[in-house]
Amino acid sequence: MATVTIEELSKHYAGGSEPAVKAVSLDVADGEFMVLLGPSGCGKSSVLRMIAGLEPITAGTVAIDGRPVNHVPAKDRDIAMVFQSYALYPHMTVHANLAFGLRRRGVPGDEIDRRVRGVAEKLGLSPFLARKPHALSGGQRQRVALGRAIVRDPKVFLFDEPLSNLDAALRVSTRNELIKQQHELGTTTIYVTHDQVEAMTMGDRICIMNKGEVVQIGKPLDVYRNPADAFVARFLGNPPMNLLPARLATSGDRAVARFADVTVELPGYPLAALKPYLGATVTLGIRPEDLYEAPPPALSVRAQQIATRVLAVEPLGAETLLMLTIGGSSQEIVARIGRDTALRIGDAATITLDPSALHLFDPTTTKAIARTA
Amino acid sequence: MRLWLNHLRRTPLVLFLILYTILAGGPFLWVMSMSLRTTPEIFDNPYALPVRLHWEKFANAWTNSNYGTYFWNSLIVVVTAVALLTLIGAMAAHCLARYRFRGSRLVRFVILSGMILPPQLLILSLFQILLDYGLYNSLAGLIIVYVATQLAMTVYILEGFFAQLPQDLFDAARMDGYGDFEIFWRITLPIGVPAIFTTITLNFIILWNEYLYAVVLLTDDEKRTLPLGIMHFMGGHQLDVGMIATGLIIAIAPVILLYALFSETMIKGMTAGAVR
Chain S
0 MATVTIEELS
10 KHYAGGSEPA
20 VKAVSLDVAD
30 GEFMVLLGPS
40 GCGKSSVLRM
50 IAGLEPITAG
60 TVAIDGRPVN
70 HVPAKDRDIA
80 MVFQSYALYP
90 HMTVHANLAF
100 GLRRRGVPGD
110 EIDRRVRGVA
120 EKLGLSPFLA
130 RKPHALSGGQ
140 RQRVALGRAI
150 VRDPKVFLFD
160 EPLSNLDAAL
170 RVSTRNELIK
180 QQHELGTTTI
190 YVTHDQVEAM
200 TMGDRICIMN
210 KGEVVQIGKP
220 LDVYRNPADA
230 FVARFLGNPP
240 MNLLPARLAT
250 SGDRAVARFA
260 DVTVELPGYP
270 LAALKPYLGA
280 TVTLGIRPED
290 LYEAPPPALS
300 VRAQQIATRV
310 LAVEPLGAET
320 LLMLTIGGSS
330 QEIVARIGRD
340 TALRIGDAAT
350 ITLDPSALHL
360 FDPTTTKAIA
370 RTA
Chain Y
0 MRLWLNHLRR
10 TPLVLFLILY
20 TILAGGPFLW
30 VMSMSLRTTP
40 EIFDNPYALP
50 VRLHWEKFAN
60 AWTNSNYGTY
70 FWNSLIVVVT
80 AVALLTLIGA
90 MAAHCLARYR
100 FRGSRLVRFV
110 ILSGMILPPQ
120 LLILSLFQIL
130 LDYGLYNSLA
140 GLIIVYVATQ
150 LAMTVYILEG
160 FFAQLPQDLF
170 DAARMDGYGD
180 FEIFWRITLP
190 IGVPAIFTTI
200 TLNFIILWNE
210 YLYAVVLLTD
220 DEKRTLPLGI
230 MHFMGGHQLD
240 VGMIATGLII
250 AIAPVILLYA
260 LFSETMIKGM
270 TAGAVR
């Protein structure tokens with residue numbers, strides 16, 4: 000177990016006009032499960048590969064347990080990595096794949112066998128030790144890749160999108176297995192993914208990256224409820240947060256937002272915090288699950304109703320998505336409501352929203368407007 | 000009715016294949032037949048099948064006509080050249096496929112440009128070089144020439160295959176603690192067996208039948224390779240058609256055997272390497 004500290008880490012690939020990673024700083028505590036989340040090309044895999052020692056670092060430092068490892072070869076960093084493609088050696092049996100790294104380190108043969116069989120037992124791979132990777136299913140290969148990392152007993156695990164090649168059902172079960180193994184072993188883990196469900200369910204903290212930079216770091220629910228900017232607000236959540244232009248004004252001693260032909264109060268924002276934006280147009284955000292066809296009782300006191308028209312209805316089984324236009328405008332929003340709805344395309348619908356769930360973002364910087372002055 | 004129409008549609012293809020088989024296989028079967036007949040029997044009826052199989056002709060050719068010496072010379076030269084080609088070519092292909100270094104494009108261009116130069120263009124220069132280094136009229140000199148001239152094709156085929164191997168495999172091996180040479184030896188070579196078999200088979204066939212370099216660079220009868228030996232024999236025994244046919248069968252037997260054993264592996268390796 001170990002801490003991992005990244006300071007001002009940058010990576011510039013030859014021939015690229017922009018750095019792939021720009022001054023990323025991150026602290027991963029001992030035993031923590033940190034998820035690096037972001038869209039394809041945001042630099043998260045590059046960060047992981049620099050931590051692993053597979054990619055030279057352009058600038059900044061990587062330290063493991065306080066020791067800078069920039070110039071330490073990958074094999075000496077005491078890190079084990081699970082790759083997206085599993086990287087199983089196709090010409091070796093499962094046993095040989097698990098033992099490969101230990102053999103190189105001069106571990107005695109009987110100790111290798113003991114550790115390999117122990118890990119195989121733990122991961123349900125004992126019946127497959129004599130098989131080669133091509134004779135295994137996707138889930139079994141994934142477990143062999145995980146086993147190869149576990150058997151090394153490293154200080155840090157690195158995972159590079161290990162579930163992306165699995166089907167949906169297998170992904171869920173394997174995700175739970177990974178969480179279970181990490182909790183049992185208590186090994187510091189850095190996990191890269193573009194899947195927000197993995198990030199939300201697996202990480203102790205998530206670090207969201209975009210265009211080579213860290214945008215926000217925090218606990219999954221904190222980041223979900225308090226996105227730092229419009230990118231995080233849209234990236235987390237499925238369907239994404241609705242973002243609309245809204246004009247801020249005052250109504251007595253309160254701030255209100257006007258969009259389409261709707262005026263809503265902003266109970267989450269004291270007037271003092273919004274003074275710089277009064278009279279201007281900002282970006283207003285509301286999550287689809289904060290729009291209701293029939294509001295829950297707890298919401299009724301502060302709820303606000305808006306007139307909409309149904310553009311599309313998507314029944315998903317457990318819930319229904321409604322695509323709506325607001326009032327007589329062309330402004331579209333998405334609402335996530337219960338599975339039982341009688342609404343059809345073209346219907347007029349009165350939708351209730353929770354004003355306290357509204358988010359405001361600066362229209363120029365896209366950063367979230369602070370809720371305090 | 001439909002079945003009959005399907006058969007009818009396939010008829011031109013089948014006819015073409017039968018014709019091609021006759022044209023391609025016919026001469027070989029004819030030489031095979033002649034190798035088991037005496038020369039008088041052949042002159043009597045060139046196209047007849049053997050009535051009595053004269054297996055003693057093979058022993059006669061091996062001992063009395065020096066075919067044994069030519070065969071062993073060919074075997075030494077070709078096996079050594081193919082072994083060197085496989086080792087050097089695989090190492091070069093691995094480096095070109097896996098590593099980005101300054102000048103890699105130039106190195107690749109220089110190596111692969113060897114494929115476009117015809118032997119006739121190189122023969123005079125090679126003759127002079129071997130003469131200068133005392134390697135003229137030696138099996139060692141011929142081996143070096145064979146390695147140099149076949150290296151381009153070997154590297155081309157192997158690089159295409161090795162480039163398809165996922166980089167993750169090599170990254171995983173690096174993290175497991177293996178160095179560059181160990182990764183080549185333990186990962187690239189075992190996985191690259193289909194492509195390596197392809198190059199071994201192709202190189203063997205090409206070099207076993209190679210004539211131009213051998214005829215220019217070898218002069219002693221004791222050092223002749225099999226293609227040279229056969230031509231020399233044909234020159235000295237123009238009318239002994241039966242013995243010529245027997246010598247030809249001795250010459251092509253190893254190639255046929257190799258191809259029969261490894262053709263499937265070779266096709267797998269070639270098609271895998273074709274897609275980059």
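Top to bottom, those sequences are chains S and Y. Sequential numbering from 0 applies to the first sequence in numbering that gives the first Met the number 0. Sequential numbering from 0 applies to the second sequence in numbering that gives the first Met the number 0. The beta carbon of each residue, even a glycine, is placed where N, CA and C say it ideally should be.
- Here Y:V50 carries a coil assignment [DSSP, helix/strand/coil].
- Contact holds between the stretch 298-307 of chain S and the stretch 345-362 of chain S, because three or more Cβ pairs, one in each stretch, are under 8 Å apart.
- Here DSSP, grouped into helix, strand and coil, assigns Y:E55 to helix.
- Straight across, the Cα-Cα distance linking Y:V106 with S:I189 is about 39 Å.
- Contacts with chain S at 8 Å (Cβ-Cβ) do not include Y:G234.
- S:L47 and Y:T148 have their C-alpha atoms spaced approximately 44 Å apart.
- Just so you know, the alpha carbons of S:S355 and S:T364 end up roughly 23 Å apart.
- Beta-bridge annotation (DSSP): S:K366 is paired with S:D228.
- At the C-beta level, S:E318 and S:G337 come within 8 Å of one another.
- Beta-bridge annotation (DSSP): S:T280 is paired with S:R246.
- Going by beta carbons, S:P238 and S:R335 fall inside the 8 Å limit.
- When C-beta atoms of the stretch 48-57 of chain Y are compared with those of the stretch 105-119 of chain Y, fewer than three pairs fall below 8 Å, so the two segments do not count as touching.
- Under the 8 Å criterion on CB atoms, S:Y88 is classed as interfacial with respect to chain Y.
- Between the beta-carbon of S:E160 and that of S:Q83 there is about 4 Å, and that keeps the pair under the 8 Å contact cut.
- CA-to-CA, the gap between S:K154 and S:E183 works out to about 14 Å.
- Taking the C-beta atoms as reference points, S:V20 is found nearer than 8 Å to S:L8.
- Rounded to whole angstroms, S:Y268 and S:D353 show a C-alpha spacing of 14 Å.
- Between the stretch 69-89 of chain Y and the stretch 221-230 of chain Y there are three or more C-beta pairs closer than 8 Å, enough to call the two in contact.
- Sixteen is the threshold: since fewer than 16 other Cβ atoms of the shown chains lie within 10 Å of the Cβ of Y:V109, the residue is exposed.
- Nearest CB-CB separation between S:R103 and chain Y: below the 8 Å threshold.
- Under DSSP, the beta-bridge partners assigned to S:L359 are S:L283.
- If only complete runs of 4 or more residues are kept, the stretch 73-134 of chain S shows the alpha helix (DSSP H) at 93-103 and 108-122, in order along the chain.
- Taking the Cα positions, S:A271 is about 14 Å away from S:G278.
- Taking a C-beta distance under 8 Å as the contact criterion, S:V34 and S:I205 qualify as a contact pair.
- In the structure shown, Y:I243 falls within a helical segment according to DSSP collapsed to helix, strand and coil.
- Boundaries around Y:M174 are those of the alpha helix (DSSP H), Q166 to M174, since no beta strand (DSSP E) includes it.
- Judged by DSSP in its simplified three-state form, S:V196 adopts helix.
- In terms of Cβ geometry, S:G138 and S:T173 form a close pair [threshold 8 Å].
- Nearest CB-CB separation between S:K74 and chain Y: below the 8 Å threshold.
- In the DSSP assignment, Y:C94 falls within the alpha helix (DSSP H) that extends over Y66 to R97.
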